[in-house]
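J.: UniProt numbering numbers the first residue of the sequence shown as 1 and each following residue consecutively. We put the CB at the ideal spot given by N, CA and C, even for glycine.
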Amino acid sequence: MGLRVDALSCARGGRLVLRDIGFAVPDGEVAILRGPNGAGKSTLLRALAGLAPHSGRVEIDGRVPDRDARSELMAYAGHLDAVKPQLTVAENLQFWADVLGGTPGQALATFGLERIADRPAHLLSAGQRRRLGLSRLLLAPRRIWLLDEPTVALDSDALLALLGAVREHAAAGGVIVVATHGPIGVPADVRVELSAEAAHAAEVSSDPFLAGAWT
Ligand SMILES: Nc1ncnc2c1ncn2[C@@H]1O[C@H](COP(=O)(O)OP(=O)(O)OP(=O)(O)O)[C@@H](O)[C@H]1O
Numbered sequence: 001m002g003l004r005v006d007a008l009s010c011a012r013g014g015r016l017v018l019r020d021i022g023f024a025v026p027d028g029e030v031a032i033l034r035g036p037n038g039a040g041k042s043t044l045l046r047a048l049a050g051l052a053p054h055s056g057r058v059e060i061d062g063r064v065p066d067r068d069a070r071s072e073l074m075a076y077a078g079h080l081d082a083v084k085p086q087l088t089v090a091e092n093l094q095f096w097a098d099v100l101g102g103t104p105g106q107a108l109a110t111f112g113l114e115r116i117a118d119r120p121a122h123l124l125s126a127g128q129r130r131r132l133g134l135s136r137l138l139l140a141p142r143r144i145w146l147l148d149e150p151t152v153a154l155d156s157d158a159l160l161a162l163l164g165a166v167r168e169h170a171a172a173g174g175v176i177v178v179a180t181h182g183p184i185g186v187p188a189d190v191r192v193e194l195s196a197e198a199a200h201a202a203e204v205s206s207d208p209f210l211a212g213a214w215t
């Protein structure tokens with residue numbers, strides 16, 4: 001049981017970025033996505049979250065959930081943090097709580113946001129904004145966490161909070177998929193290596209001009 005990905009391919013801007021990706025992450029395990037800039041880590045997370053069209057199969061507990069069921073099971077924390085700049089920190093959390101369920105209290109405390117709860121999000125530093133974005137993970141329980149470079153801009157306290165949250169989620173049977181260039185402080189149970197060369201080769205071979213179709 002857990003997450004299983006088979007033969008996933010995904011194009012962006014008309015170029016094939018991911019080709020035939022397959023891996024499985026059992027319940028309670030952490031998968032790390034690695035690969036150079038542009039290899040497709042963010043694309044893969046977005047595809048899993050249902051935010052980028054793709055081919056192939058994404059199974060959860062042996063079934064392919066429909067789009068709504070998938071989003072009920074997954075929480076995606078991407079680069080843009082999904083923070084609404086005009087709302088305060090507390091209002092952002094309340095907004096997400098209204099959408100996702102849950103209550104903001106624990107999320108505020110875990111990521112050390114209480115002191116800045118009344119600050120408008122557009123005034124936050126990069127690390128504060130990232131803390132706020134990550135705090136959404138704790139609002140409503142979602143089995144599968146998809147984390148895109150979650151440690152960027154975090155100080156050591158916030159990093160500890162994130163690691164604690166990841167460990168707790170895994171211990172409770174959750175599945176975590178993390179794209180990162182650096183260490184995240186928890187051992188990887190599953191490693192998924194994406195290579196820019198594979199994507200580039202796919203781009204080249206799928207280009208009819210370069211493939212010689214017009215010669
Ligand atoms: N919206 C888009 N339209 C067209 N191409 C895109 C788009 N977003 C990303 N790409 C391309 O898709 C490829 C994969 O990008 P992606 O962001 O998934 O890589 P990444 O492995 O996460 O990179 P990084 O380590 O730099 O964050 C890149 O070649 C990129 O230029």
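Using only CA atoms, which one of Ala158, Trp145, Asp155 lies nearest to Gly28?
T.: Numbered from 1 along the sequence shown, position 28 holds the residue referred to as residue 28. The option with the nearest alpha carbon to Gly28 is Trp145.
J.: Given Glu203, which residues of its chain have a CB within under 7 angstroms of its CB, disregarding the five upstream and five downstream residues?
T.: Against the sequence shown, residue 203 aligns to sequence position 203. A caution first: Glu203 carries a pLDDT of 45, below 50, which makes its placement in the model unreliable, though a value can still be read off. Excluding sequence neighbours, Glu203 sits near Arg15, Leu16.
J.: Under 8 angstroms, do Leu175 and Gly2 count as touching if we go by C-beta distance?
T.: As a position in the sequence shown, residue 175 is number 175, starting the count at 1. As a position in the sequence shown, residue 2 is number 2, starting the count at 1. The displayed chain sequence assigns Val, not Leu, to residue 175. Yes, they are a contact pair.
J.: Ignoring anything shorter than 3 residues or poking outside the segment 90-171, list the beta strand (DSSP E) runs there in chain order.
T.: 144-148
J.: Identify whether Asp66 lies in helix, strand or coil by the three-state DSSP scheme.
T.: Position 66 of the sequence shown, counting from 1, holds the residue named residue 66. Of the three classes helix, strand and coil, the one that applies to Asp66 here is coil, per DSSP.
J.: Quick one: what's got a C-beta closer than 8 angstroms to Pro150's C-beta in the same chain, skipping five residues either side?
T.: To locate residue 150, count along the sequence shown from 1; it is residue 150. For Pro150, where only same-chain residues beyond five positions count, the Cβ hits under 8 angstroms are Ala77, Arg130, Leu134, Leu162, Val178, Thr180, Ile184.
J.: Bridge partners of Ala179, per DSSP?
T.: Mapped onto the sequence shown, residue 179 falls at position 179. DSSP output for Ala179 lists Leu33, Asp148 as bridge partner(s).
J.: Applying the criterion that 16 or more other CB atoms from any shown protein chain within 10 Å of the CB defines a buried residue, is Arg143 buried or exposed?
T.: What you label residue 143 is simply residue 143 of the sequence shown in a count that begins at 1. Classification for Arg143: buried.
J.: What is the rounded straight-line gap between the Cα of Val58 and the Cα of Gly22?
T.: As a first step, residue 58 must be located in the sequence shown, where it is residue number 58. As a first step, residue 22 must be located in the sequence shown, where it is residue number 22. Taking the straight line from one Cα to the other gives about 9 angstroms.
J.: Taking the alpha carbon of Leu51 as the reference point, which residue from Arg12, Leu138, Leu113, Ala7 has its own alpha carbon closest?
T.: Here residue 51 is taken as the residue at index 51 of the sequence shown, counted from 1. The candidate whose alpha carbon is nearest that of Leu51 is Arg12.
J.: Pull up the distance between the alpha-carbon of Ala24 and that of Ser55, whole angstroms please.
T.: Numbered from 1 along the sequence shown, position 24 holds the residue referred to as residue 24. Numbered from 1 along the sequence shown, position 55 holds the residue referred to as residue 55. Roughly 17 angstroms between the two C-alpha positions.
J.: Would Val166 and Val186 qualify as a contact pair, given that the criterion is a beta-carbon distance under 8 angstroms?
T.: Here residue 166 refers to the residue found at position 166 of the sequence shown. Here residue 186 refers to the residue found at position 186 of the sequence shown. Going by C-beta atoms, Val166 is nearer than 8 angstroms to Val186.
J.: So, using beta-carbon positions, are Val83 and Leu132 closer together than 8 angstroms?
T.: Position 83 of the sequence shown, counting from 1, holds the residue named residue 83. Position 132 of the sequence shown, counting from 1, holds the residue named residue 132. Yes.
J.: Would you list the residues sitting across from Gly2 in a DSSP beta bridge?
T.: On the sequence shown, residue 2 is found 2 positions in, with the first residue counted as 1. In the DSSP output, where bridge partners are listed per residue, Gly2 has Pro26.
J.: Quick check on the burial criterion: 16 or more other C-beta atoms within 10 angstroms. Buried or exposed for Ala172?
T.: As a working note, residue 172 is residue 172 in the sequence shown. Classification for Ala172: exposed.
J.: I need the boundaries of the beta strand (DSSP E) containing Ser42, first residue and last residue.
T.: For this step, residue 42 is matched to residue 42 along the sequence shown. First-last for Ser42: 41-48, but that is the alpha helix (DSSP H), not the beta strand (DSSP E).
J.: Looking only at its own chain, which residues have a Cβ that is under 7 angstroms from the Cβ of Leu137, when we skip the five neighbours before and after it?
T.: Walking along the sequence shown from the start, residue 137 turns up at place 137. Counting only Cβ-Cβ distances below 7 angstroms, and skipping sequence neighbours, we find Ala75, Ala77, Trp145, Ala165.
J.: Going along the chain, which residues of its own chain have a beta-carbon closer than 8 angstroms to the beta-carbon of Leu159, five neighbours each way excluded?
T.: Residue numbering aside, residue 159 sits at position 159 when the sequence shown is read from its first letter. Shown here for Leu159: same chain residues with a beta carbon closer than 8 angstroms to its own, the five before and five after excluded, namely Thr151, Gly185 in chain order.
J.: Alpha carbon to alpha carbon, what distance is there between Ala196 and Arg67?
T.: In the sequence shown, the residue the question calls residue 67 occupies position 67. In the sequence shown, the residue the question calls residue 196 occupies position 196. Cα to Cα, the separation comes out at about 29 angstroms.
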